[in-house]
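Structure, as structure tokens:
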Amino acid sequence: MSDTPTGSLYVVATPIGNLDDLSPRAARVLGEVAVIAAEDTRHSGRLLRHLGLARPMLSLHEHNEAARVESLDARLVAGEDVALISDAGTPLISDPGFVLVRELRARGRRIVPVPGACALVAALSAAGLPTDRFLFQGFLPAKGGARQGRLERLASREETLVFYESPHRIRDTLVDLATTLGARRVVLARELTKTFETFLDGCAAELLERMDADPDQARGEFVVMVAGASPRQEDEAGVVEGEALLVALLAEGVGVKQAAAVAARVLGGAKKVWYGRLQALKDGH
1 MSDTPTGSLY
11 VVATPIGNLD
21 DLSPRAARVL
31 GEVAVIAAED
41 TRHSGRLLRH
51 LGLARPMLSL
61 HEHNEAARVE
71 SLDARLVAGE
81 DVALISDAGT
91 PLISDPGFVL
101 VRELRARGRR
111 IVPVPGACAL
121 VAALSAAGLP
131 TDRFLFQGFL
141 PAKGGARQGR
151 LERLASREET
161 LVFYESPHRI
171 RDTLVDLATT
181 LGARRVVLAR
191 ELTKTFETFL
201 DGCAAELLER
211 MDADPDQARG
221 EFVVMVAGAS
231 PRQEDEAGVV
241 EGEALLVALL
251 AEGVGVKQAA
261 AVAARVLGGA
271 KKVWYGRLQA
281 LKDGH
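Going by full-length UniProt numbering, the sequence shown opens with residue 1, and the numbers climb by one from there.
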């Protein structure tokens, strides 16, 4: 299947629910490789049986991934092709595979993506939230304090925030969202591509009420999407005051680098932003 002297590692996306979402190319690759590295061989075995394929498999998960690098690399060097799959969706997206791909790429091996289903992309495509910029955070911390701290650090981000969450933590996450982000719009995508696929839309407190009224809405795997913070509007007077300080610093012969540090300390904001403004003023002057 490969024209190169060594074999290729195919990173193959598999369905997140509906088995019909597997692409013909992905099915062909899985049927032709020498071995399939799967997160859970028992789980992936059901997919192969559905496809009528019988291929050798070995496990590759977070606990043995580093140890698998040498044996899989040896197969590639011998000219064999290998497929990497996760339990569902695209490998490496909150799933194992990063260590393997990083190490093999560093050795000059050929890595071939075979695209397909990905829960975060599927959820965003149907959520009705801005998608021109989004920030994917994978799974939030399991412990409440760490989870709240993460959300507080993300509260000022203007991009749509995207998380994965499990059914036994979804309520706690919604409570923390309500506490840290208030009435900001939240969209929950539940059981994507499966029989009971559901999108729930509202603020975090409203979604908690819906789960209290219908406990079934707390079941399944979730993609949690949160509207970003409103763009910060600079106060016009503050801008004028800031520009005046910049001009004064330059007039006194203060260097651009030192003036940027002063502006950042006095007016707030990033030093590199003030540096850019100062440089523009200096060049214009």
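Here a beta-carbon is modelled for each residue, glycine too, at the ideal position from N, C-alpha and C.
Check your understanding: Going by Cα to Cα distance, which pick from 114, 160, 118 is closest to residue 95?
Key -> Position 95 of the sequence shown, counting from 1, holds the residue named residue 95. Taking only the C-alpha atoms, the option nearest residue 95 is 118.
Check your understanding: Is residue 228 near residue 130, with beta carbons less than 8 Å apart?
Key -> Here the question's residue 228 lines up with position 228 in the sequence shown. Here the question's residue 130 lines up with position 130 in the sequence shown. Yes, the Cβ-Cβ distance between residue 228 and residue 130 is below 8 Å.
Exercise for review: Would you list the residues sitting across from residue 189 in a DSSP beta bridge?
Suggested key: For the purposes of this step, residue 189 is identified with residue 189 of the sequence shown, where counting begins at 1. Answer is 199, 223.
Check your understanding: Would you report the Cα separation of residue 124 and residue 225, rounded to the nearest angstrom?
Key -> Sequence index remark: in the sequence shown, residue 124 carries index 124 (1-based). Sequence index remark: in the sequence shown, residue 225 carries index 225 (1-based). For residue 124 and residue 225, the distance between alpha carbons rounds to 8 Å.
Check your understanding: Roughly how many angstroms lie between the CA atoms of residue 35 and residue 60, to the nearest whole one?
Key -> In the sequence shown, counting from the first residue as 1, residue 35 sits at position 35. In the sequence shown, counting from the first residue as 1, residue 60 sits at position 60. Residue 35 and residue 60: Cα-Cα distance of roughly 12 Å.
Check your understanding: Excluding sequence positions up to five away, which residues of its chain have a Cβ less than 8 Å from the Cβ of residue 147?
Key -> In the sequence shown, counting from the first residue as 1, residue 147 sits at position 147. 140, 141, 172, 173, 176.
Practice item. Grab the span of the beta strand (DSSP E) containing residue 110 for me, first residue to last. Key: Counting from one through the sequence shown, the residue named residue 110 turns up at place 110. Run containing residue 110: 110-114, per the beta strand (DSSP E) assignment.
Point to revise | Classification of residue 195 by the beta-carbon crowding that lies within 10 angstroms, buried from 16 upward | key: On the sequence shown, position 195 is the one that residue 195 refers to. Under this definition residue 195 is an exposed residue.
Review point. Would the beta-carbon of residue 126 be found less than 7 Å away from any heavy atom of the ligand NAD?
Key: In the structure on display, the ligand NAD does not appear, and there are no ligands present to speak of.
Practice item. May I ask you to report which of helix, strand or coil DSSP gives residue 8? Key: Translated into positions along the sequence shown, residue 8 becomes position 8. Residue 8: strand per DSSP, three-state reduction.
**Study point:** Alpha carbon of residue 210 to alpha carbon of residue 217, nearest angstrom
**Key:** Numbered from its first residue, the sequence shown carries residue 210 at position 210. Numbered from its first residue, the sequence shown carries residue 217 at position 217. Cα to Cα, the separation comes out at about 8 Å.
Review point. Between the region 41-53 and the region 70-83, do three or more beta carbon pairs fall short of 8 Å?
Key: no
Check your understanding: Quick one: what does DSSP say residue 71 is sitting in, helix, strand or coil?
Key -> For the purposes of this step, residue 71 is taken as the residue at position 71 of the sequence shown. Helix, per DSSP.
Exercise for review: Output the boundary residues of the alpha helix (DSSP H) element that contains residue 41.
Suggested key: If you number the sequence shown from 1, residue 41 lands on position 41. From DSSP, the alpha helix (DSSP H) with residue 41 extends over 41-51.
Exercise for review: Could you work out which residue in 93, 105, 42 is closest to residue 72 when comparing CA atoms only?
Suggested key: Along the sequence shown, read from residue 1 onward, the residue named residue 72 stands at position 72. Among 93, 105, 42, the Cα nearest to that of residue 72 belongs to 105.
Point to revise | Backbone CA spacing between residue 236 and residue 243 [nearest angstrom] | key: By 1-based counting over the sequence shown, the position of residue 236 is 236. By 1-based counting over the sequence shown, the position of residue 243 is 243. Low local confidence applies: a pLDDT of 47 at residue 236 is under 50, so the model's placement there is unreliable, and no value is given.
Point to revise | Sufficient close CB pairs (3 or more, under 8 Å) joining the region 108-122 to the region 9-21 | key: yes
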